[in-house]
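Colleague:
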Amino acid sequence: MKINVIRKNDHVWLDIDDLYPQKPHQPNTVFKAFAITLKTLGSTLDYSTLMAVSGAAFRFQLHPQWCPSSPHPDCGFNCTQTVLKQLGLEETIQNFNLEKAQKNDLEQVVFKNIDAGKPVVASSFEAGLIVGYIQNQNDTAVLLREPYSSKGGDADIVSTRLLMKIPGLLTVFDKIPQYNQDELFISTLKRAVEIAYHEKIDEYFCGFEAFDNWISDLLNDKKINELVNEYGIADLCNANAHIYHSLVDARKSAAEYFKDFLNDTGTNKQIHIMNAVALYEEIVKILRNAFPHVLLKWQIKQGQEWRPVMRKEQAETLQTVVELEHKALYEIEQIIKYV
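Position 259, counted from 1, in the sequence shown is what my numbering calls 267; the numbers after and before it change by one each time, with no gaps.
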């Protein structure tokens, strides 16, 4: 894919806004940044595929204290490392520690890649993209699209000196992923089943165990009060909503991933792929219908109350989702038999 590198006075930037998603944005900022970067290299892999191959589309995790890190791809089951390994990218990417880098070295990494038409992934828990730079006699700066940027968004000007004070990494992709499509598909399916039945990975409940704990916590006023004392009600609601909305995005990605295989030959496999798509789309629909019961921080600050009846509605929604998750996994297990 030919990327237009625009130069105007002391500004240099990449014309890649069309590669960004429309609002509502894709909440997994790591795989959004990866997908955009890989497209600039000519890869056809999209966000949903990265979510699926990594396991993130099928994974559900919950920290015992509802930490908003629960859906992050690096926490618990490490989806980031999984996708890099599955796509043969582990040995081809370059990581640069921002706090340990020398200013000149950091500038050369950014300048070289932007001049070549490649953005640089900048991650500090969430991941944004460096899409340009400014170089003049006084100093240098990068043009940084923040992690939740969407189509039509602007880049922030961040001085190189300030960038070096941020704990995080710059990641450079040099090659298009190399993989066998059939092998990748079967390993993705097997991973989906495997992580559903993990009970705990590191400090995170995983799969059905995580669902059970979330449902139980929602119905337990003592647990809710404990969490409110730890976070405050506004931040607790925001953590709950972040985990919930990330689950919606994950299952939406699962449905989109399977749609790419609807034209595969084999009647039996086709039927089960169609069933999987329908089930994940139903899960997304059910979860979205319960959005009014899942309050965000700003709603709490406006005076809304996260009442017990709303938590009960969320718990009942999740219980319905669990039943559909079992059915979706059955379909995946059947697809595996016919691959």
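Ideal Cβ placement from N, Cα and C applies to all residues, glycine included.
(1) Between the C-alpha atoms of glutamate 217 and asparagine 144, what's the straight-line distance to the nearest angstrom?
(2) Spatial neighbours of glycine 176 within its chain, please: CB distance less than 7 Å, with the 5 preceding and 5 following residues excluded, ordered by chain position.
(3) Quick check: isoleucine 344 and alanine 284, are their CB atoms within less than 8 Å of each other?
(4) Please specify which runs of the beta strand (DSSP E), each continuous and at least 3 residues long, are wholly inside the region 57-97, giving them in chain order.
(5) Relative to the C-alpha of glutamine 30, which residue among Ser167, Gln110, Gly160, Thr328 is closest?
(6) What is the DSSP secondary structure of histidine 250, reduced to helix, strand or coil?
(7) Determine the burial state of tyrosine 252: buried for a count of at least 16 other Cβ atoms within 10 Å of its Cβ, exposed for fewer.
(8) For isoleucine 223 versus alanine 323, is the C-beta distance shorter than 8 Å?
(9) Inspect the beta-carbon positions of isoleucine 291 and arginine 259 and report whether they are closer than 8 Å.
(10) Since tyrosine 205 is in the beta strand (DSSP E), which residue starts that stretch and which ends it?
(11) List, from N- to C-terminal side, the beta strand (DSSP E) runs of 3 residues or more that fit wholly inside the region 151-186.
(12) How far does the beta strand (DSSP E) with serine 132 in it reach, from first residue to last?
(13) For lysine 267, collect the residues of the same chain with a Cβ closer than 8 Å to its Cβ; drop the 5 residues on either side in sequence, then sort them by chain order.
(14) Can you give, in chain order, each stretch of the alpha helix (DSSP H) that sits fully within the region 257-331 and has at least 4 residues?
(15) Ignore the nearest five residues each way along the sequence and tell me which others in threonine 328's own chain have a CB closer than 8 Å to its CB.
(16) For asparagine 105, which residues does DSSP report across the bridge?
(17) DSSP on glutamine 143, reduced to helix/strand/coil?
(18) Give the DSSP bridge partners of phenylalanine 213, in chain order.
(19) On the criterion of 16 or more Cβ atoms from any shown chain inside 10 Å, does glutamine 89 qualify as buried, or is it exposed?
(20) Taking its Cβ as the centre, do 16 or more other Cβ atoms sit within 10 Å of glutamate 207, making it buried, or is it exposed?
(21) Would you call histidine 250 buried or exposed, if buried means 16 or more other Cβ atoms sit within 10 Å of its Cβ?
(22) Below 6 Å CB to CB, which residues in the same chain sit around alanine 135 once its five sequence neighbours on both sides are set aside?
Modeller: By the coordinates alone:
(1) Glutamate 217 and asparagine 144 have their C-alpha atoms spaced approximately 55 Å apart.
(2) Only Leu106, Ala130, Ser131, Ser132 meet the Cβ criterion.
(3) No.
(4) Fully enclosed beta strand (DSSP E) runs of 3 or longer: not present.
(5) Among Ser167, Gln110, Gly160, Thr328, the Cα nearest to that of glutamine 30 is on Gly160.
(6) Of the three classes helix, strand and coil, the one that applies to histidine 250 here is helix, per DSSP.
(7) By the neighbour-count rule (16 or more Cβ atoms within 10 Å), tyrosine 252 is buried.
(8) Cβ distance < 8 Å, so isoleucine 223 and alanine 323 count as in contact.
(9) Between isoleucine 291 and arginine 259, the C-beta gap is smaller than 8 Å, which places the two residues in contact.
(10) It is not in any beta strand (DSSP E) - tyrosine 205 carries neither H nor E in the DSSP assignment.
(11) If only uninterrupted beta strand (DSSP E) runs of at least 3 residues are considered, those enclosed by the region 151-186 are 164-167, 177-180.
(12) It spans 128-132 - the beta strand (DSSP E) in which serine 132 sits, taken as one unbroken run.
(13) So the list reads Val285, once near-sequence residues are dropped.
(14) If only complete runs of 4 or more residues are kept, the region 257-331 shows the alpha helix (DSSP H) at 275-297, 305-309, in order along the chain.
(15) Cβ neighbours of threonine 328 beyond the five flanking positions: Ile294.
(16) Partner(s): Leu177.
(17) In the displayed model, glutamine 143 falls within a strand according to three-state DSSP.
(18) Its beta-bridge partners are Leu70, Lys208.
(19) For glutamine 89, the number of other beta carbons within 10 angstroms of its own is below 16, and it is reported as exposed.
(20) Exposed, because fewer than 16 other Cβ atoms sit within 10 Å of the Cβ of glutamate 207.
(21) Classification for histidine 250: buried.
(22) These residues qualify, in order along the chain: Thr37, Val38, Ala41, Val129, Pro155.
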